[in-house]
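Written out below as structure tokens is the structure these notes cover.
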Amino acid sequence: MLMGHPNSKYYRGGLAVRDALKKLVAEKKLENLPEILPVAAISVGIVGGIPLLDLDYSEDSAAEADANFVMSADGRWIEIQSTAEGIPFAGDAFLTMMGFAEKGIRELFSLWKEEGQYAQEA
């Protein structure tokens with residue numbers, strides 16, 4: 001599971017809110033679950049010329065380039081921030097990082113969907 005980077009804590013927080021809302025419905029304190037459009041964030045970096053998903057601290061420290069991506073469950077990008085840590089990186093490297101990020105974020109959204117639907121389908 002993708003949970004190494006600090007960005008992942010925000011997604012885990014969203015799962016906790018969802019679970020709290022489900023409990024309120026079960027306890028009849030809330031009539032229905034509100035429609036929720038989940039948001040997830042993940043990091044991607046290039047370390048030793050190899051793209052890596054969900055960097056931990058040691059990988060992030062060694063990255064030639066890294067980026068943070070935030071996406072809503074309906075596939076829209078909310079934030080993209082990337083940095084060359086040494087020499088500039090090429091556009092194809094950025095597109096590779098973006099592809100890794102989208103795959104990783106969709107994996108995170110699958111965790112949400114396993115236990116119940118959300119407002120928008122991914």
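Its first residue numbered 1, the sequence shown is counted upward by one per residue in UniProt numbering. Just so it is clear, CB atoms sit at the ideal spot from N, CA and C, and this is done for glycine as well.
Where does valine 44 land, buried or exposed, given buried means 16+ other C-beta within 10 angstroms?
Classified as buried, valine 44 has 16 or more neighbouring CB atoms from the shown chains inside 10 Å of its CB.
7 Å CB neighbourhood of leucine 24 in its chain, flanking five on each side removed:
Excluding residues up to 5 positions away in sequence, Leu30 lie with their Cβ nearer than 7 Å to the Cβ of leucine 24 in the same chain.
Short of 7 Å in beta carbon distance, which residues of its chain neighbour phenylalanine 109, apart from the five on each side in sequence? Order them along the chain.
Here the set comprises Pro38, Ala40, Ala73, Ala122.
Contact under 8 Å by Cβ, residue 124 with isoleucine 50
Not covered by the structure: residue 124. The range shown for the chain is 1 to 122.
Alpha carbon to alpha carbon, how far is leucine 111 from alanine 16? Give it in angstroms, no decimals.
Those two C-alpha atoms are separated by around 12 Å.
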